[in-house]
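Enquirer: Heads up: the sequence shown runs through residues 1 to 177, numbered per UniProt numbering. C-beta atoms are modelled at their ideal positions from N, C-alpha and C, and glycine is treated no differently. Take this structure, written in structure tokens, and hold onto it; I'll ask about it next.
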Amino acid sequence: MPGHQRKVGSEWVVQMEGKDYPVVVTPIPGGYSVTHGADRYDLVSDWKFGELVFRGTCNGTPICLQLERIGLLYRVVHFGKQVKATVMTANAARMLALMPKKLPPDLSKFLLSPMPGLLREVSVAAGQQVSAGEKLAVIEAMKMENVLKAELDCKVKKIVATPGESLSVDQVIIEFE
Numbered sequence: 001m002p003g004h005q006r007k008v009g010s011e012w013v014v015q016m017e018g019k020d021y022p023v024v025v026t027p028i029p030g031g032y033s034v035t036h037g038a039d040r041y042d043l044v045s046d047w048k049f050g051e052l053v054f055r056g057t058c059n060g061t062p063i064c065l066q067l068e069r070i071g072l073l074y075r076v077v078h079f080g081k082q083v084k085a086t087v088m089t090a091n092a093a094r095m096l097a098l099m100p101k102k103l104p105p106d107l108s109k110f111l112l113s114p115m116p117g118l119l120r121e122v123s124v125a126a127g128q129q130v131s132a133g134e135k136l137a138v139i140e141a142m143k144m145e146n147v148l149k150a151e152l153d154c155k156v157k158k159i160v161a162t163p164g165e166s167l168s169v170d171q172v173i174i175e176f177e
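And the structure:
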């Protein structure tokens, strides 16, 4: 409908490897001009969104790279170097900077199963003081026994899994104080 077309802005932010790169994108014949600071890149191609291989020119030099969208990210591969980039409007980048960062959970007080398998043995008891290198448990996976040892001196708070139990990856076996 007239007057209801989507208006795409020219100011964007590309986030790669923890850094923000503000860019201005303007159409040129056969492609787009991308400006970052004092640098200008004229990209000319008949590439369409969704195509895996980008073939075209950058400032007149032939260029070929892989470009794949994975959720909100783009995976770009060129000459064996791979980067993951997020492209967003300048306003979305400002809003994202205000979002709190989610910290990974502290799993240092747990012995987790490193692989799926059968818990054959728990070699410690709740309340027991263990030393670094001491055997804690044995998991059987793919007909091999894997001995899990303490990484540091600590005290066992609780035995969570029981011998004979089938474990999944990262399942808690023992909790430490």
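Opposite R94 in the DSSP bridges: which residues?
Expert: R94 is not bridged to any residue.
Enquirer: Let me check understanding here. Comparing Cα to Cα, which of E68, A90 and G56 lies closest to S10?
Expert: Nearest of E68, A90 and G56 to S10, Cα basis: A90.
Enquirer: Given a threshold of 16 other Cβ atoms within 10 Å of its Cβ, counted over all protein chains shown, does L111 qualify as buried or as exposed?
Expert: Buried, since its Cβ has 16 or more Cβ neighbours within 10 Å.
Enquirer: Spatial neighbours of L52 within its chain, please: CB distance less than 8 angstroms, with the 5 preceding and 5 following residues excluded, ordered by chain position.
Expert: So the qualifying residues of the chain are Q66, L67 and E68.
Enquirer: Less than 7 angstroms between C-beta atoms, sequence neighbours within five positions excluded: which residues of the same chain meet that for R40?
Expert: The answer, listed in chain order, is S33.
Enquirer: Thinking I137 and L148 are a contact (beta carbons under 8 angstroms), I'd like their distance in whole angstroms, please.
Expert: The question names Ile, but residue 137 in the sequence shown is Ala. Contact holds; Cβ gap of about 5 angstroms.
Enquirer: Would you call the segment 164-171 in contact with the segment 105-124, where contact means no fewer than 3 C-beta pairs closer than 8 angstroms?
Expert: Short answer: they touch.
Enquirer: Jot down the residue ranges of each uninterrupted beta strand (DSSP E) in the segment 24-75, minimum 3 residues, whole runs only, in chain order.
Expert: Qualifying beta strand (DSSP E) stretches, in chain order: 31-36, 39-45, 53-58 and 61-70.
Enquirer: Pick helix, strand or coil for K102, following the three-state DSSP scheme.
Expert: K102: coil per DSSP, three-state reduction.
Enquirer: Per DSSP, which one or two residues make a beta bridge with S166?
Expert: In DSSP, S166 forms a bridge with L118.
Enquirer: Which residue comes first and which comes last in the beta strand (DSSP E) that contains F176?
Expert: Note, F176: beta strand (DSSP E), V172 to F176.
Enquirer: Leaving out the 5 sequence neighbours to the left and right, which residues in its chain are closer than 8 angstroms to A126 when beta-carbon positions are compared?
Expert: V156, K157, K158 and I159.
Enquirer: Quick check: what's the CA-CA separation for D42 versus W12?
Expert: When rounded, the distance between both Cα atoms is 16 angstroms.
Enquirer: Which same chain residues end up closer than 8 angstroms to G133 when comparing Cβ atoms and leaving out the 5 residues on each side of it in sequence?
Expert: Around G133: K149 and A150.
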